[in-house]
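Quick note on the working numbering: the first sequence kicks off at 60 and runs consecutively.
Worksheet: one structure, shown below.
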Amino acid sequence: MPELPEVEWYRRYVEGTALNQRITAVNVRDAKPLQQSEEEFQQALVDHQFVDTDRVGKYFFLKLDTGTWLLMHFGMTGEPVYYRDTEDEPRFVRVEFVLENGFKLALNDPRKFGKLELVPDLEAFLKSKKLAEDALKVTEADFVARLGKKKKAVKSALLDQNLAAGIGNWIADEMLYLARIHPEVKAHTLTQEQLRTLHAVLQEVLEVALEYESDYDNFPDKYLTKYRWAEDKDIQGQCPCGKTQLERIVVGGRGTYFCPLCQKN
DNA sequence: TCGCCTGTTCGGCT
DNA sequence: CAGCCGAACAGGCG
């Protein structure tokens, strides 16, 4: 479930497990995630070790002892997994890094939208992707200035990774719900106050998601996300306001949930 | 069986 | 050229 908070938890997980072990082999079960040749991966990784991690938005980086970085991008369904025994291996492992201690770090990814890429120059890479600062670090002034210029639906504008890196589909919906803004309003028509509010609720949503490890059932009662995916059928799909059902529309090609009563403009 | 899906990229418009 | 939009990628799941 990889938006910024999920990827941050993945980063902590990998940092706590897979660093400082010599890589003894790279097993490529499916080469699709590899952005360079398998030979280049073997050469860059085998007999080296991961020594550090970094993250910008949804992009997770593992630093090698050579100074080169390995990017893991999780796409829609990817996740890092760390295991030793075959029976603990998940079902959709694409690429597996075997470590000297007998454990393996792998990219598990049913839908195969994930990517692994060798990145010699991190700064140049981020620039080439036009990636903004991480959403946890973007200043209110930068956020307001950039968002206020976009001519498209605010929902789509929030998903641009050159606005604030790491905002994904559910976070955008949650931000708009908490700010009481309709997802199809054009971003450049928002007031300065609305733009500032969006920056504030972004920080709040990220904080909550990190605290609860994106376990939506534990989210505060005022959060739309809690109802969107509620297990409890009695509240599933309701607005937290309790007065109506959430509506689903498509904005910029993405499923978008909002409350027709709470988000009127 | 059909529709849905938490991300990114690319071709084609305007 | 910049911004915007829709389609495409792939496959499990309810």
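Ideal placement from N, C-alpha and C gives every residue a C-beta, glycine not left out.
query: Thinking C-alpha only, which one of 203, 268 and 233 is nearest residue 248?; result: 203
query: Can you name the residues that DSSP bridges to residue 86?; result: 155
query: From the DSSP output, which residues share a beta bridge with residue 132?; result: 118 and 174
query: Return the first residue and the last residue of the alpha helix (DSSP H) that residue 228 is part of.; result: 228 to 237
query: Terminal residues of the continuous beta strand (DSSP E) containing residue 309?; result: 306 to 310
query: Decide yes or no for the touch test of the region 144 to 151 against the region 109 to 129: beta carbon pairs closer than 8 Å, at least 3 of them.; result: no
query: Name the residue from 153, 320, 157 and 291 whose alpha carbon lies nearest to the alpha carbon of residue 305.; result: 320
query: Report yes or no: do three or more beta-carbon pairs, one from the region 285 to 300 and one from the region 255 to 268, lie closer than 8 Å?; result: no
query: Would you call residue 214 buried or exposed, if buried means 16 or more other Cβ atoms sit within 10 Å of its Cβ?; result: buried
query: Assign residue 280 to one of two classes, buried (16 or more other C-beta atoms within 10 Å of its C-beta) or exposed (fewer than that).; result: exposed
query: At the level of alpha carbons, what is the spacing between residue 309 and residue 323?; result: 16 Å
query: What residue from 93, 119 and 274 has the CA that sits closest to residue 185's CA?; result: 119
query: Just the Cα atoms here: how many angstroms apart are residue 78 and residue 109?; result: 5 Å
query: Leaving out five residues on either side along the sequence, give the residues of the same chain with a beta carbon under 6 Å from the beta carbon of residue 221.; result: 189 and 191
query: Look at residue 212 and residue 245 and say whether their C-beta atoms are less than 8 Å apart.; result: yes
query: Decide if residue 168 is buried, meaning its Cβ has at least 16 other Cβ atoms within 10 Å, or exposed.; result: buried
query: Please state whether DSSP places residue 139 in a helix, a strand or coil.; result: strand
query: Note the first and the last residue of the continuous beta strand (DSSP E) segment covering residue 313.; result: 313 to 317
query: Report, in whole angstroms, the separation of the C-beta atoms of residue 166 and residue 92, which I expect to be a contact under 8 Å.; result: 6 Å
query: For residue 89, collect the residues of the same chain with a Cβ closer than 6 Å to its Cβ; drop the 5 residues on either side in sequence, then sort them by chain order.; result: 153
query: What does the Cβ neighbour count give for residue 187, buried or exposed, with the cut at 16 atoms within 10 Å?; result: exposed
query: In angstroms with no decimal places, state the Cα-to-Cα distance between residue 253 and residue 111.; result: 38 Å
query: Name the residue from 227, 98 and 239 whose alpha carbon lies nearest to the alpha carbon of residue 135.; result: 227
query: Does residue 145 pass the burial test, meaning 16 or more other C-beta atoms within 10 Å, or should it be called exposed?; result: exposed
query: Name the residue from 237, 240 and 317 whose alpha carbon lies nearest to the alpha carbon of residue 297.; result: 317
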